[in-house]
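Novice: In our numbering, each number is its position in the sequence shown, counted from 1, plus 2.
Backbone N, C-alpha and C define an ideal beta-carbon position, used for all residues, glycine too.
Computed from a prediction, not measured in an experiment: that's the story for all the values here.
Dumping the structure here so I can ask a few things about it.
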Amino acid sequence: MISRLPAAAHKRAADFLHENGTNLKRQRYAFHFECGATDRVVTAMQEYQNAGGSYGNGLEQDPRTKNSSVICTTIALQIMAEANISPASEILRQAISFLEQQYQFDNWPNISSNCNDAPHAPWWKFDEQWASTSKFLANPGAEILGYLLQYDTKLDNDTVQSLLEKAIDQLAEDDLEMHELLCYLRLCHCQALGENYHEAMLPLLLVHAFRLVKVEPSNWEEYGLTPIGLVDHPGSVFADFFEDSLNSNFAYQISLQSDEGCWKPSWSWGGDCPATWAVVETEIKAELTLKTRLQLRQFDYLGDL
């Protein structure tokens, strides 16, 4: 029997988002569940924009710097796709332009050195060693390649094709960690990716997915990649391969909703910057609640409203 989120739980989640979500999270919720306008999402995104249309200001909740970063700009592009923002829009073109400008040493840095001064999670500390690596940094490079293909980059075609080849070669050679796999997955789902690249990537991605995804319910309490963390929408290339564990994983996820209506993070800053973490944790709760409700609806796990 399929477990669905009941109406009372819907209301608690909606109330939590309305009361605790940032303006952008509220506008995204309105877009998905209340017939809200795309323009309101765009306006709310401007709160996180810097000069030239790049993004910082805590759009990715764990690094709190106001300065622009690649990671915040890729998240902005995820939100733009989610809200059906036109590829021709200025807000999207500016984000792509920033990513093009940040390309150096055959890679992209997730954050810059000027991000270290603001409070941040321990794992969001700029490391100068990124510039000297010979490896393709799949997080965020693989995801960015998808955007460059989808949105007609100004980088020359030879550079993009060379990076694609390098990305696939590394996919065959290295053990990925979960965030790298998710970046490759976004590339694999890119509609502009050539069929030859898609066919080359999929079997390699499956090898990594079967290694990384925790399919046993006893492992879902700890931080890691779950079936619904990988299969984030019904059209996922992995949906059929993890079908057997999706139902129980959704039931487990529904059971995690707190009394206040939200879903809580399975990570923390480990005691660093406690006052900032208190703010960040609330923002993450709202983000997880929005994403969980949206995913439950996409997979028909929402009960009657």
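Distance, Cα to Cα, I113 vs W132?
Specialist: If you number the sequence shown from 1, residue 113 lands on position 111. If you number the sequence shown from 1, residue 132 lands on position 130. C-alpha separation (whole angstroms): 10 Å.
Novice: Between which two residues does the alpha helix (DSSP H) harbouring W110 extend?
Specialist: Here the question's residue 110 lines up with position 108 in the sequence shown. W110 -> no alpha helix (DSSP H), and no H or E assigned at all.
Novice: For K216 and L227, what's the separation of their Cα atoms in angstroms?
Specialist: By 1-based counting over the sequence shown, the position of residue 216 is 214. By 1-based counting over the sequence shown, the position of residue 227 is 225. Distance between the alpha carbons of K216 and L227 is about 6 Å.
Novice: Excluding sequence positions up to five away, which residues of its chain have a Cβ less than 7 Å from the Cβ of Q51?
Specialist: Locating residue 51 in the sequence shown gives position 49, counting from the first residue. Around Q51: Y57.
Novice: What are the partner residues of Y57, as DSSP defines its beta bridges?
Specialist: The sequence position of residue 57 within the sequence shown is 55, counting from 1. Looking at the DSSP assignment, Y57 forms a beta bridge with Q51.
Novice: Looking at the structure shown, is P276 part of a helix, part of a strand, or coil, going by DSSP?
Specialist: As a working mapping, residue 276 is identified with position 274 in the sequence shown. P276 falls in the helix class under three-state DSSP.
Novice: Given a cut-off of 8 Å on the beta-carbon distance, is the pair R30 and L292 in contact?
Specialist: In the sequence shown, the residue the question calls residue 30 occupies position 28. In the sequence shown, the residue the question calls residue 292 occupies position 290. Yes, the pair counts as a contact, with Cβ atoms nearer than the cut-off.
Novice: For a test of the three-state rule: what should DSSP assign to H34, helix, strand or coil?
Specialist: As a working note, residue 34 is residue 32 in the sequence shown. Three-state DSSP puts H34 in a helix.
Novice: Across the region 32 to 49 and the region 275 to 291, are there enough close Cβ pairs to call them in contact, namely three or more that are closer than 8 Å?
Specialist: No, the region 32 to 49 does not touch the region 275 to 291.
Novice: Which residue comes first and which comes last in the alpha helix (DSSP H) that contains Q255?
Specialist: Within the sequence shown, numbered from 1, the residue matching residue 255 stands at position 253. Q255 -> alpha helix (DSSP H) spans E245 to S257.
Novice: How is Q106 classed by DSSP in three states: helix, strand or coil?
Specialist: Numbered from its first residue, the sequence shown carries residue 106 at position 104. Strand.
Novice: Of the choices L187, F100 and S268, whose alpha-carbon is the least far from that of G54?
Specialist: Taking the sequence shown and counting its residues from 1, one reaches residue 54 at position 52. Closest option to G54, Cα to Cα, is F100.
Novice: Cβ of K293 within 7 Å of any heavy atom in the ligand MG?
Specialist: No copy of the ligand MG occurs in the structure displayed, which carries no ligand at all.
Novice: Using a Cβ distance threshold of 8 Å, determine whether the region 90 to 99 contacts the region 139 to 153, with at least three qualifying pairs required.
Specialist: Taking 8 Å as the limit for Cβ pairs, the verdict is that the region 139 to 153 does touch the region 90 to 99.
Novice: In this structure, what does DSSP give as the bridge partners for H122?
Specialist: In the sequence shown, the residue the question calls residue 122 occupies position 120. For H122, which the question treats as bridged, DSSP gives the partners P65.
Novice: When the Cα of A169 is compared with those of L207, S134 and N118, which residue comes out closest?
Specialist: Counting from one through the sequence shown, the residue named residue 169 turns up at place 167. The residue with the shortest Cα to Cα distance from A169 is L207.
Novice: Take R295 as the anchor and find which of A211, A253 and P205 has the nearest alpha-carbon.
Specialist: Locating residue 295 in the sequence shown gives position 293, where the first residue counts as 1. Closest by alpha carbon: A253.
Novice: Examine the Cβ distances between the region 120 to 128 and the region 274 to 282 and report whether three or more of them are shorter than 8 Å.
Specialist: Touching, yes, given that three or more Cβ pairs across the two stretches are closer than 8 Å.
Novice: Within 10 angstroms of its Cβ, does A9 collect 16 or more other Cβ (buried), or is it exposed?
Specialist: Numbered from its first residue, the sequence shown carries residue 9 at position 7. Flag for A9 reads exposed.
Novice: Closer than 8 Å is the cut-off here; do at least three beta carbon pairs connect the region 236 to 243 with the region 267 to 274?
Specialist: Output reads no: the region 267 to 274 does not touch the region 236 to 243.
Novice: Cutting at 8 Å between CB atoms, please list the residues of its own chain near A202, excluding the five before and the five after it.
Specialist: Here residue 202 is taken as the residue at index 200 of the sequence shown, counted from 1. Answer for A202: I170, listed in chain order.
Novice: Count the other CB atoms within 10 Å of the CB of Q259; is the residue buried (16 or more) or exposed (fewer)?
Specialist: Residue numbering aside, residue 259 sits at position 257 when the sequence shown is read from its first letter. Buried.
Novice: For T24, is the classification buried or exposed, using 16 other Cβ atoms within 10 angstroms of its Cβ as the cut-off for buried?
Specialist: Indexing the sequence shown from 1 puts residue 24 at position 22. Buried.
Novice: Note the first and the last residue of the continuous alpha helix (DSSP H) segment covering E218.
Specialist: The residue given as residue 218 occupies position 216 in the sequence shown. Run containing E218: none; DSSP gives neither H nor E here.
Novice: So who's on the other strand from L304, going by DSSP bridges?
Specialist: On the sequence shown, position 302 is the one that residue 304 refers to. L7, per the DSSP bridge assignment.
Novice: Quick one, are the C-beta atoms of F18 and C264 less than 8 Å apart?
Specialist: The sequence position of residue 18 within the sequence shown is 16, counting from 1. The sequence position of residue 264 within the sequence shown is 262, counting from 1. Yes, Cβ-Cβ distance for F18 and C264 is below 8 Å.
Novice: Could you tell me how far apart the beta carbons of E145 and T76 are, in whole angstroms, since I believe they sit closer than 8 Å?
Specialist: As a working mapping, residue 145 is identified with position 143 in the sequence shown. As a working mapping, residue 76 is identified with position 74 in the sequence shown. So it is a contact: roughly 6 Å between Cβ atoms.
Novice: Under a Cβ-count criterion, where at least 16 other Cβ atoms within 10 Å of its own Cβ denotes burial, should E289 be classed as buried or exposed?
Specialist: Working through the sequence shown from its first residue, we reach residue 289 at position 287. That one is buried.
Novice: Need the endpoints of the alpha helix (DSSP H) that I191 sits in, please.
Specialist: Indexing the sequence shown from 1 puts residue 191 at position 189. Checking the displayed sequence, the identity of residue 191 turns out to be His instead of Ile. Looking at the DSSP string, H191 is not in any alpha helix (DSSP H), and its letter there is neither H nor E.
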